[in-house]
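The block underneath contains the structure these notes are about, expressed in structure tokens.
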Amino acid sequence: MVVGTFFAIAAGVPEPLLGIVLGQLINELNTVACSATQYNPSSVRTKVLYLIYITIFNFVSIYIYAACWALVSERLARRYRKAYFRSVVCQEAAFHDSLPSGQVISRLVSDIETVQSGTSEKVGIYMATLSYFVTAYIVAFIKVPVIAGILIAIVPCFFAMALVGGHLTSRYGSRVGKHIDLATSIASSSLSHLKIVHAFNAHQRLEDLFSSHLSNSQKDALKKAAVHAAQMGTLFFVVYSSNALAYWKGAHLIADSIDGRNSGVSVGAVSPYMHVFSAAASASERLLEVINRPSTIDGTSNTGGKCADLREEEIKFNDVHFTYPARSENAVLQGVTFSIPPRQHTAIVGPSGGGKSTIVALLERFYDPSTGSICIGPQDIRHVNVANLRGQMGFVQQESQLFNRSILENIAYGLVGSVEHEDLVEVILDMSLTGVVAELQSGCTEEEVLRNCDPRISEIIRRAKVAADKANALSFIETLQFGIATSVGTAGGQLSGGQRQRIALATALIREPKLLILDEATAALDSMSEQLIQAALLKVSGTTTIVSVAHRLAAVKDADQIVVIEKGRVAEYGSSQQLLDSGGMYAKMIGLQRMDNAEADRAKVLASRANTLTGSETLESTIDEKAVLQEKQEVDLTTDQPSGEAKRTSSTVHAPEEEIPTRSKRLTTRIYFSFIRPNLLLIILGLGMSVIIGGSYSANAILFGNTVGGLSPCKGTPNIRHSGNLFGLMFFIVGLIELFANIMGGCAYGWAADQTLYRVRVASLRSLLSQSLTWHSTGGRSPGTLIAYITGDASAISGLTGTTIGLLLATTVNLFAGIIISFIVAWKISIVLVPTIPVLLLAGVMKLRVQSEFAERHKKAFSRATEITVEALGNLRFVAGFSLEKQLYREFLFSIQGPYQRTMKAITWGNFWLAAAFSVSNLISALAYWWGSKQIASGLYSQSQFFIVLPALLFSTQSCGQMLALAPDLSKAGKAASRIVDLVSTHSSEREFGGGDVHWALISGPGKSDADIEANERSESASCRTGQMPVGAELRDVEFSYPTSPDTPILKGLAVTFEPGRFYALVGPSGSGKSTVFAMLERFYYPSAGSIFINGQDVTRVLSTNFRDDIAIVPQENVLFEGTVAFNIALGARPGYTPTQAEIEEACKLAHIHDVIAELPQGYETICTNAGKQFSGGQRQRLSIARALIRKPGLLLLDESTSALDGESEGKIQDALSGFMGKTTVVAIAHRLRTIYRADRIFLIQGGRCVDRGTHTELIERSEMYRESVLHQSLDV
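Structure follows, in structure tokens:
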């Protein structure tokens, strides 16, 4: 930075020195004009050589400062990325609770790019210009102090304009940024939960909310554009007015006009960068606000004492009160007091929303109590080191999400931060495991890979397998293509919910924790897997303190102590038998979860009979998942099909192949023009003003030439005074025209750019949401990389309609006008000078080319860093609980290291051409004076003609140089436009709206898109429905493999039928394909073979998704979108139909969540932030149920819909659902058999096949696995 500053200042000094030389040359030319006989060629040549020497010095200075400041900007951006990421992941949970989910990504992508743009070589140009400004005044005071004293008046005008304009621009930019953050949050959550978006055809509602936030920013965006336009116009007006004053006064003093001119016009060179600097300042403030924020609970801090041994000390909650900071009006815990004995199992149960998970969060110290204390022996938990405390704990969350890495790496993360395994941590932190995984995935055997590896890696793999075996995960892991090295996909999406939960449990068990915390850790597991895990936990319970939260009471009935929490208080505690004997709440909950006693007794008799017949058959043999998953069936997985159709060959269904975008320049231009067409009048107005601005440079040249000629001593005193008065007035008029043109053009461009940016962002989101799930899960795409279309590309493309394009046109007009005027005025001089212009343009083209290639590589490289950030934000509690902040920080650093090194090379080469573009104009001046002096001396042209031609061409080349300084912005905009066009014209396997390749109606401006028309048709259809009609469905011999794992069949000829108006259930081991059945019914993917019928229609043969209008789903993972509670409920309504408030409340009452919402201060207008994490897991589940019920579906799909609910809430919801029987077909997936034992038919799914079907009673009779599940959940004590 010091070197760059020094050479930037040095680069500004030669120009005023050139002014002295040019002044001497003008005197030479004046002498020649008055008397050709006095022409001295050697004197002219000497001064021309001075120009060349100064130009060489200028080139070197510009190259050095441009390279230095480009390096500074890249390093600063890198530091910002590192500091911001580190600060964000270290912040306490309360900070993130109130943070819109998309804000961090917006800061990390958009704001840092803005800072980088505002600290690049543009700073050097700015400093060089100011150096020129100061040096010119020094020269002016030495040469002509009277004029310099008068012109000093423009300095306060300039700084006042910069300060006021910068302040207002920053204010309005901050307001715009807040609305953009909210819109980005909507986009981010939508992309992260696409299955819900597709299932409810909620694209339009989410798009409307997204666009409403963008619309709210437009008023402030227009004000920002107007301020910037006024700033630009005022700047040029001050400059031209100072010229007018200088020439008027100079005429009277018969002074050298060049001195005054040089001290004024040069300030205009900073004008293109004013808005860049103000935007960078605003972005920097937003970033520093988080970077400088100290975390109140920092897991990376060294403060605090060493924590006592959690296996030896009792943990006490002493009158603990707690309120979430984001909901300060609602007390969650109200005087909780109980103890957790060491080396025992303490279970926490109670109604959902009572505060159970909050107790766990306080124990992990994600939050601190509002009042009261939590003590470990004599130590207050607030006084111990956070990392040391968490290092003794293992934690399994209610909703398990994994990182997009291998199973090995996910499990090994459990060792990071462990106080018992510090010797193994370094191997994980240095990312050695990543290399091992890559080798295993390349086909190498484990023995080959480990032969030359660090022995600690072998130990980590061994421990990972042992932990996976304890979590009952090793059986399915060994059947995967790469075994433990298999990647799990984004958020673990390639695994089932139960498999993810087992991997999460293995992550906790690998660190051999002293305190194991299980928050609904087995909710997504089948009964047999749960029983095996409980047996494993029983083995460690004597050496480990266990705290578990559960609604399935069968999972905790053997706990040493059970604490019942109700409405934030301890209702009762004791052993299961003690609590049953007391007849309190626990006994009531047991009663609500018990199945029919007769059925349970029958299961016992049959089990006893089976054991007599089969001998000592073990439980493990009945559910050997490995044996099940190893069964293979030959399936045709070919997906080579013509795009847009689903065809059959030998009863095999193929998903339509995705088209690879191959965009012609004509299509790109057409689509881009469609984006800007609605604002064409504004753009035309802006272009007209740009023409005026570009023409003003040529007008300036004409006035300057005539002024210099008029001030020649040969003209006499009266003519000199007259010329000074006339041309001073003319310069002032040009200044007024510039003021008007810049304000009008800036406002027009600003408004058009904002409107275009709005359309581009909305079109990008619509296209992203309408792509198939296959498209989203392939090609290395993830929510973190795709959000860049909205945060990065859309912002960049707006430059093609903003001030950048205006500057480009003004420069072009200036260039051609200057050439034309030069040839008209003095063609013999021009014909020598004009051929030098292509040299300048070549430098610019080369700079643009280098920058363009760099920008493309830069974007791809940093997408990984964005993905890491998205994952970290989605797993913040996991990150904090396992002290992964440093690990993720290292991975983040590694992801940005490659781009940083490549940037250094691009800067070295690219700025050579920038320096050439800025310096070549001085060489043109040298050539011009040498050749021009000869022509004047020969009498072919006058002094005035020469001084019209010279500035006309020089202004052209100089303005080109300024434009080329903005080449990076133009390059980014061009590449962004290409990517946006590829996106909106991409036709993946299905289009959710209209079926067209491009959303022409959307990007052409106001009016109804195909989606709007379709929504209206659906609205009319929905409004005509007088009651629910049950929907029938059938999967006929369906075979399916996920696109990311085509060699791993999930469904293997599955055939099930769901008749209208009946209640069906799917049961079976986790990972057997149950949730995939729902994915097939929703047609999230096309089957590899077989057919899917909804109400008799084969939906694999049609592209339309209207059949989803009659289907509602309650997914396994319950998430809410950024919006109000009412919005989230209404999201489930049929497309095109807006439910009334009464209907929303009725759905919530059916879901037993209305009372909870009503108690909130804003009620149904409460904003759901951070995926709705301010609600408990059970409350989110009930909100999801309400979202499904408001649809009044014909087919209701329940995927573990009550796993996070207490028995009472579950019973009420069961009663509510019973009212839908006959009107709705219900298909439920459940591991808690009480929720489905009354089903009309239960399908037993195992290994992707339906191995049995029947009623609850029938399956007890003939299915050993089902019978064992019933016994495990019988709750006999």
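Under the UniProt record's numbering, the very last position in the sequence shown is 1277; numbers go up by exactly one each time.
Using N, Cα and C, we set each Cβ at its ideal position, and we do this for glycine too.
Do residue j and residue i have their beta-carbon atoms positioned less than 8 Å apart in this structure?
i            : j            : result
residue 684  : residue 738  : no
residue 870  : residue 783  : yes
residue 1197 : residue 1129 : no
residue 84   : residue 332  : no
residue 1180 : residue 1217 : no
residue 762  : residue 207  : yes
residue 983  : residue 194  : no
residue 915  : residue 59   : yes
residue 881  : residue 395  : yes
residue 322  : residue 346  : no
residue 890  : residue 585  : no
residue 1232 : residue 552  : yes
If I'm right that residue i touches residue j with Cβ under 8 Å, what's the distance once you round it to whole angstroms?
i            : j            : result
residue 55   : residue 919  : 6 Å
residue 1185 : residue 1139 : The Cβ separation is near 15 Å, so there is no contact.
residue 1152 : residue 1213 : 6 Å
residue 61   : residue 10   : 5 Å
residue 1070 : residue 498  : 2 Å
residue 1259 : residue 1245 : Actually they do not touch by this definition, with Cβ atoms about 12 Å apart.
residue 543  : residue 342  : 10 Å between Cβ atoms; not a contact.
residue 867  : residue 785  : 6 Å
Comparing C-alpha positions only, which one of the options sits nearest to residue i?
i            : options                  : result
residue 491  : 733, 1117, 727 and 575   : 1117
residue 398  : 1200, 1244, 1228 and 870 : 1200
residue 1257 : 1240, 1248 and 306       : 1240
residue 937  : 829, 878 and 456         : 829
residue 841  : 501, 820 and 913         : 913
residue 1173 : 422, 874, 407 and 943    : 874
residue 1094 : 770, 718, 669 and 1225   : 1225
residue 550  : 1104, 219 and 519        : 519
residue 1149 : 1215, 1168 and 1089      : 1215
residue 1075 : 589, 886 and 1042        : 1042
residue 934  : 43, 12 and 14            : 43
residue 1134 : 288, 303 and 202         : 202
residue 484  : 433, 512, 517 and 522    : 433
residue 1136 : 111, 59, 8 and 205       : 205
residue 301  : 344, 385, 237 and 369    : 385
residue 691  : 733, 675 and 740         : 740
residue 1048 : 1233, 481, 941 and 558   : 481
residue 1238 : 827, 1248 and 1227       : 1227
residue 305  : 1252, 389 and 824        : 389
residue 752  : 219, 160, 53 and 14      : 219
residue 405  : 489, 922 and 578         : 489
residue 465  : 456, 477 and 454         : 477
Is residue i a contact residue of the ligand ATP, with contact defined as CB to any heavy atom under 7 Å?
i           : result
residue 199 : Annotation note on the ligand ATP: not contained in the displayed structure, which lists no ligands.
Going by DSSP, name the residue or residues bridged to residue i.
i            : result
residue 1257 : Residue 1257 pairs with nothing; no bridge assigned.
residue 547  : 346 and 517
residue 565  : 570
residue 371  : 321
residue 808  : Paired residues: none, contrary to the question.
Any Cβ of chain C within less than 8 Å of the Cβ of residue i?
i          : result
residue 71 : You won't find chain C in this structure, because it holds only one protein chain.
Just list the alpha helix (DSSP H) runs in the segment 1016-1099, keeping only unbroken ones of 4 residues or longer that don't cross its boundaries, in chain order. 1074-1081
Whole runs of the alpha helix (DSSP H) within the segment 442-523, excluding any shorter than 4 residues: 446-450, 455-470, 474-477 and 497-509
Ignoring anything shorter than 3 residues, give me the beta strand (DSSP E) runs that lie fully in the segment 376-442, in order along the chain. 393-396
Secondary structure, alpha helix (DSSP H): runs of 4+ residues fully inside the segment 1166-1235: 1177-1189 and 1207-1218
Identify every run of the beta strand (DSSP E) within the segment 861-901, keeping only runs that are complete inside it and at least 3 residues long; order them along the chain. none
Can you give, in chain order, each stretch of the beta strand (DSSP E) that sits fully within the segment 1102-1176 and has at least 3 residues? 1111-1114
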